[in-house]
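In what follows, a structure is listed as structure tokens, so that the remarks can point back to it.
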Amino acid sequence: LEDIYPLTMPDKLLDINRDPGRFRNYNLLNEVYGGSEREVSSNLISVPAPYKNYQFNKNNGAAESLKKAMEEIKQLSLGNGAVSSLLNPINGTFNYRVISGTGKLSPHAYGIAIDINSNPSDYWKWASRDAGEKRMLSYPKELVDTFEKNNFVWGGKWGHFDILHFEYRPEVLIKAKYFGETFKEDMDWFGEVPRDIKIDNYINIIEGTLN
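The numbering used here puts the first residue of the sequence shown at 2, with every later residue one more than the last.
Here it is as structure tokens:
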């Protein structure tokens, strides 16, 4: 979380070792979304998307956020060929597997990631950085904005680019929105996070623990 996820569209690929939002706390993922294939599978529900339904994790608002994003993107696609071309086919969501060459579980194994229509220039292991940058710059901003509004990070903003990949990471987006460039040292630790009774209760619990 130290590397703040950028909320603006980049005008070039990020440096090769800048991957904001790509690294994952597996203790957190196991606790929230399921610590085994069986646990994760029990948390999956069907989410409608253009042309097909997809399995996604219901915990922590993930499935509901994907549903909202898909509803908005479906409307965008009606008058936007660049968006509609990325929705057919969607490459998938839940797949209990490890990331090649790492031995670590993919976010797809937790049912919190979606890969949309793929292109040979989408992935850092498939394509040169020049090809990846050209592909990234061609992506419709409104599609990326819609996913980010619903707390998905985009792999197009990683130096190890994964342009077809969107991943539900509310903790990353919340930090980017409320604890990024606008955060000042003299502010309360919870910054400008929108407040309600539930949030205030969490703040009180944390402050009580720290004190």
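All residues carry an ideal CB built from backbone N, CA and C; glycine is no exception.
Residue i classed as buried or exposed, judged by whether at least 16 other C-beta atoms fall within 10 angstroms
i: P121; result: exposed
i: S101; result: exposed
i: T9; result: exposed
i: E208; result: exposed
i: K176; result: buried
i: L87; result: buried
i: F148; result: buried
i: D197; result: exposed
Residues that DSSP places opposite residue i in a beta bridge
i: Q56; result: S47
i: V84; result: Paired residue(s): none; V84 is not in a bridge.
i: G93; result: D116
i: V41; result: V41 pairs with nothing; no bridge assigned.
CB contact flag (residue i, residue j, <8 Å)
i: W159; j: D4; result: no
i: V154; j: L138; result: no
i: Y179; j: G192; result: yes
i: D146; j: G156; result: no
i: H109; j: N96; result: yes
i: F57; j: I46; result: yes
i: T94; j: G80; result: no
i: Y6; j: G22; result: yes
Three-state class that DSSP yields for residue i in the structure shown
i: D16; result: coil
i: V99; result: strand
i: T9; result: coil
i: G62; result: helix
i: N28; result: helix
i: L67; result: helix
i: L79; result: coil
i: D201; result: helix
i: P171; result: helix
i: E3; result: coil
i: G209; result: helix
i: L194; result: The sequence as given places Val at residue 194; Leu does not occur at that position. Of the three classes helix, strand and coil, the one that applies to V194 here is coil, per DSSP.
Cutoff 8 Å: residue i Cβ touching any chain D Cβ
i: S107; result: Among the protein chains of the structure shown there is no chain D, as only one such chain exists.
Within the region 102–168, ranges of the alpha helix (DSSP H) (whole runs, at least 4 residues):
Qualifying alpha helix (DSSP H) stretches, in chain order: 130–139, 142–150.
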